[in-house]
Amino acid sequence: MRVSDPLKPAAVAAFLATALLLISSPASFAQTPSEPVAEAAPTVTPGEGEVDVSTLDRKKTVAGAALDKIKDVAKQAGDILGRVPCLPPKGGAKSIGALPRVARKLADHRPVVIVAFGSSSTQGYGSTSPAFTYPNRLAAQLRRHYPASDITVVNSGKGGEDAPEMMRRLKSTVLDAQPDLVIWQVGTNAILRNLDPADTGKLVDDGIKAIQSAGADIVLVDPQYVPRVNERGENAGKMIKALGRLAELRRVGIFPRFEVMKEWHEQQAIPFDKFVIADGLHMNDWGYACFAQLLGDGIIRSVDQVRLGTAGPSDVTAFRPM
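Letter by letter, the sequence shown follows residues -30 to -1, 1 to 292 of mature numbering (1 follows the signal peptide of the UniProt record, and there is no 0).
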């Protein structure tokens, strides 16, 4: 017996794409401009062609398996921070500085564009899915806290780069996006290459001036506390201090990632393998999730401090992704 086939390959593709969007809402994902936008699958009219019933059953099985996989990924995202609590540094989190442009736009319920600029830590190397990169986690948290504003987070991370390469693409991948906030993660690859921290500082300083001239707020993110970076102890220490002094000099925000991750390991007794993958350099899903969560808390706290005249600080933990 033969029947009309409403699940032609294109229709199956469209069904799976729709299911993925429903289960992991696009609002949860940062934009990556280098990736092309997928075209919509063409519609297929029922009755256009025929297949065996067994073929139809196989397609339904494949579709069901794909949906189950998507649901598993979504559940995993919800479980990440339940395995090891993501706690703020003891003694309270440090302020990442004022973010006046972002605060003004959020107060007026206007769209906000954030560019996450950096290397593989920003790109998300070591994560098991784009959903677990820090820009995507941060986007979800901020959208949850500020539902009246259209918040876009652009992932402009590129593995292997540091200040020299980043400065060459600063205009095309950062400034041309007309950002309200630039989160600049920098310094790790300079440490691994034994580059002079002073030279890196000069390049970052030039970048800060260009970003400030464009009117955007800035938050620097220093290197991670991981075995591969810790092997370069003296050079790593100089880089951390150089970025800290630069942030203070230019009055821009800084998220002290090295200090935060060091506390995970030394004060909270979290083993490296709980937040770092086997290469001893890149963070895993939990590491990215906790980093994004604490960074998001800092941004929310900073924005609320700027808006104290109209709205007092709220409990930032209520709007974390998990």
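Glycine is no exception: its CB is placed at the ideal position from the N, C-alpha and C atoms.
Straight-line Cα distance separating residue j from residue i
i: proline 241; j: serine 183; result: 42 Å
i: isoleucine 66; j: aspartate 169; result: 24 Å
i: lysine 60; j: histidine 235; result: 13 Å
i: aspartate 175; j: alanine 217; result: 9 Å
i: leucine 219; j: alanine 262; result: 25 Å
i: residue 343; j: lysine 244; result: Coverage of the chain is limited to positions -30 through 292, which leaves residue 343 absent and any answer about it impossible.
i: methionine 231; j: leucine 145; result: 30 Å
i: glycine 157; j: aspartate 132; result: 6 Å
i: proline 197; j: aspartate 78; result: 44 Å
i: glycine 94; j: lysine 128; result: 9 Å
i: glutamine 238; j: arginine 74; result: 37 Å
i: leucine 162; j: arginine 271; result: 33 Å
i: cysteine 260; j: cysteine 56; result: 6 Å
i: residue 303; j: arginine 138; result: Since the first residue shown for the chain is -30 and the last is 292, residue 303 is missing from the structure and cannot be characterised.
i: alanine 248; j: asparagine 200; result: 15 Å
i: valine 72; j: lysine 64; result: 19 Å
i: threonine 103; j: valine 276; result: 28 Å
i: arginine 114; j: methionine 136; result: 30 Å
Among the options, the one whose alpha carbon lies nearest that of residue i
i: alanine 147; options: Thr122, Gly129, Ala133; result: Thr122
i: glutamine 111; options: Gly268, Ala186, Val199; result: Gly268
i: leucine 69; options: Leu216, Gly185, Arg198; result: Gly185
i: serine 142; options: Leu213, Arg107, Ala180; result: Ala180
i: valine 189; options: Val85, Phe102, Arg80, Ile161; result: Val85
i: glycine 266; options: Asp249, Ala109, Leu57, Thr103; result: Ala109
i: threonine 98; options: Ile270, Val276, Asn254; result: Asn254
i: isoleucine 224; options: Ile153, Pro134, Ser119; result: Ile153
i: glutamate 229; options: Gly130, Gly214, Leu140; result: Gly214
i: isoleucine 178; options: Leu165, Arg221, Lys211, Pro167; result: Arg221
i: serine 126; options: Gly96, Ser91, Arg107; result: Ser91
i: valine 83; options: Val124, Phe102, Arg114, Arg107; result: Val124
i: glycine 250; options: His115, Leu140, Arg202; result: Arg202
Within 7 Å, strictly: CB atoms of residue i and residue j
i: glutamine 155; j: glycine 88; result: yes
i: arginine 227; j: valine 273; result: no
i: proline 149; j: methionine 209; result: no
i: histidine 252; j: glycine 96; result: yes
i: glycine 171; j: alanine 118; result: no
Expected contact under 8 Å - CB spacing of residue i and residue j to nearest Å
i: proline 58; j: leucine 264; result: 6 Å
i: leucine 151; j: aspartate 187; result: 5 Å
i: asparagine 164; j: asparagine 205; result: 6 Å
i: proline 134; j: leucine 173; result: 6 Å
Review point. At what residue ranges does the segment 176 to 249 contain a whole run of the beta strand (DSSP E), taking only runs of 3 or more?
Key: 187 to 191, 223 to 225
Point to revise | Runs of alpha helix (DSSP H) wholly within the segment 49 to 116 (minimum 4 residues, chain order) | key: 70 to 77, 90 to 93, 104 to 115
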